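Here's the structure we're looking at; comments come further down.
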Amino acid sequence: MSTAAPIVDTHVILRDGDKILLSQRGSSYGYGRWHLPSGKLDAGEPLTAGAARELFEETGITAHPDDLRQVHVVHHQQVPGTERIGFFFLATRWEGEPTNREPDKCLDLRFFDVQDLPENIIEYPAAGLYGYLTNAGPLTLHGWAPPWPPADAGH
1 MSTAAPIVDT
11 HVILRDGDKI
21 LLSQRGSSYG
31 YGRWHLPSGK
41 LDAGEPLTAG
51 AARELFEETG
61 ITAHPDDLRQ
71 VHVVHHQQVP
81 GTERIGFFFL
91 ATRWEGEPTN
101 REPDKCLDLR
111 FFDVQDLPEN
121 IIEYPAAGLY
131 GYLTNAGPLT
141 LHGWAPPWPP
151 ADAGH
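Have a look at this one:
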């Protein structure tokens with residue numbers, strides 16, 4: 001069993017009315033698939049500041065950390081022994097026009113209608129996005145084997 005701490009990620013849901021901004025991956029992880037503006041939290045960085053930083057670094061969009069409302073959490077097991085905890089934020093106010101600021105990692109930035117999202121969204125960010133859109137509650141466990149009942153419960 002791994003004792004490594006989970007990686008903490010931030011994801012930003014940027015809405016323009018009924019449209020949501022997605023980014024198409026251009027690097028090896030999920031190449032050609034869609035995801036939300038996101039990234040790893042830096043050491044000593046508050047969650048909302050990290051989310052605002054990642055949003056700006058990837059898209060050029062400015063959102064003050066106070067204008068990011070936490071809307072969902074995903075505890076994701078990527079592979080056994082590698083965990084991620086993703087905090088999903090809705091940008092309640094933001095400024096700018098989305099620009100691909102990381103062309104080496106991103107093929108495209110595009111707004112999609114909330115009723116017509118692409119099918120090939122990477123599963124981990126999709127879990128958080130759909131958790132938010134469906135009001136599924138505060139937490140989604142993703143990629144985990146069912147933990148209950150324990151194998152040695154002795155029923």
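All residue numbers for the sequence shown refer to full-length UniProt numbering, where the first residue is 1 and numbers rise by one. Even for Gly, the Cβ is constructed at its ideal location relative to N, Cα and C. Just so you know, these numbers come straight off a predicted model, no measurement behind them.
Any chain D beta carbon closer than 8 Å to residue i
i	result
V12	Here there is only one protein chain, and chain D is not present.
Beta carbon of residue i nearer than 8 Å to that of residue j
i	j	result
R84	I7	yes
F111	D16	yes
A52	A43	no
T59	L109	yes
H11	G86	yes
P98	L41	no
V79	H142	no
R101	E57	yes
P125	H72	no
D9	G30	no
Distance cut-off 7 Å: residue i Cβ against heavy atoms of the ligand FMN
i	result
N135	This structure lacks the ligand FMN, and indeed carries no ligand of any kind.
- Item | Those runs of the beta strand (DSSP E) which lie wholly inside the UniProt domain "Nudix hydrolase" (1-134) and span at least 3 residues | 7-13, 19-25, 38-40, 68-79, 82-91, 106-113
- Below 8 Å, can you find three or more Cβ-Cβ pairs linking the region 115-123 to the region 30-43? yes
- Message: Does the contact criterion of 3 or more C-beta pairs under 8 Å hold for the region 67-82 versus the region 91-98?
- Response: yes
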